[in-house]
Amino acid sequence: MDKPLSNYDPPLASVIIVARDEEENLRACLSAVMDQEVDFGFEVMVVDSGSKDRTAETARSFGARVISIPAASFQHGRTRQMASLEARGEFLVYLVADAIPANRHWLSALVQAAASDPEVAGVYSRQLPREKAGPIEAHRLLHRGSSGTERRERQLKPGDDFWAMSPEEQLRFCEFDDVSCLRRRSLLERFPVPEVDWAEDLLWARQVLLAARIQVGGRLVEHHHRGLGRKHRRQRQPLLLAA
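Per our numbering, the very first residue in the sequence shown carries number 18; after that it's consecutive.
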């Protein structure tokens with residue numbers, strides 16, 4: 018970056034990273050985040066939920082603002098909403114600690130996708146498995162809607178009836194993933210991140226899709242889980258965000 022983050026006041030974007038005992042992954046993640054090529058100011062916030070390692074110290078060493086909360090108070094929806102209200106940027110970019118931007122254009126592409134159209138409420142990254150992912154996890158991820166190679170938008174058109182869709186169609190229509198995504202801060206009062214233990218991203222998307230538009234495919238994300246039983250648990254394997 019050309020100048021310190023503190024010189025950007027106010028920042029256009031806020032990168033919000035949730036982490037717990039992610040010292041090693043966070044170091045790689047923040048190295049890539051701080052290396053982004055942008056023509057706007059951004060801040061980086063790390064929400065540390067009771068880490069016993071040096072997660073908080075690692076975040077501070079990169080100049081990130083650290084918000085510390087007890088492990089017991091962490092909840093995917095509530096914690097993200099809390100951090101969002103603490104953020105100063107209009108464009109809120111959410112990332113997990115084990116996600117690593119693979120190039121220097123990840124952040125600018127997400128912001129540009131939303132900034133170029135005031136009707137876009139949110140953008141999320143496409144996801145691909147890393148080389149180290151097992152064959153089952155790679156297959157699952159490659160067949161998700163978030164793994165497509167084409168940019169697309171979702172919006173209810175006049176005459177569309179969301180509630181007439183089948184449950185499967187509703188799920189596909191509302192797909193949104195805050196492994197790597199962007200929301201507009203100006204919409205958070207009307208559309209807060211739901212206070213739920215999981216699927217907060219899908220429920221948020223359902224809210225805004227009834228009134229706004231979601232853009233899919235702002236960036237690629239390489240993503241895998243360690244096992245099928247961990248579907249709704251916080252991941253520990255590195256993720257890769259790519260162009």
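Cβ atoms here follow ideal geometry from the backbone N, Cα and C, with glycine treated the same way.
Considered as a whole, the stretch 69-130 harbours 72-78 and 93-103 as its complete alpha helix (DSSP H) runs of no fewer than 4 residues, in chain order. The straight-line gap separating the alpha-carbon atoms of R207 and E41 is approximately 37 Å. By the Cβ criterion, the stretch 51-61 is in contact with the stretch 118-126, since at least three pairs of Cβ atoms, one from each stretch, lie closer than 8 Å. By the neighbour-count criterion, in which a residue is buried when 16 or more other Cβ atoms sit within 10 angstroms of its Cβ, R189 is exposed. Closest option to I33, judged by alpha-carbon separation, among F108, R71, W215 and R44: F108.
Separation of the CB atoms of V225 and L204 is rounded to 7 Å, and the pair is thereby assigned contact status at 8 Å. Between the alpha carbons of A222 and A138 lies a gap of roughly 9 Å. Counting C-beta atoms within 10 angstroms of its own C-beta, P118 has 16 or more neighbours from the protein chains shown and is therefore classed as buried. Residue state for C46 is assigned as helix, using DSSP reduced to three classes. Rounded to whole angstroms, A36 and P152 show a C-alpha spacing of 27 Å.
Around the C-beta of E186, fewer than 16 other C-beta atoms lie within 10 Å, and the residue is accordingly described as exposed.
S101 sits close to R202, with the two beta carbons spaced by under 9 Å.
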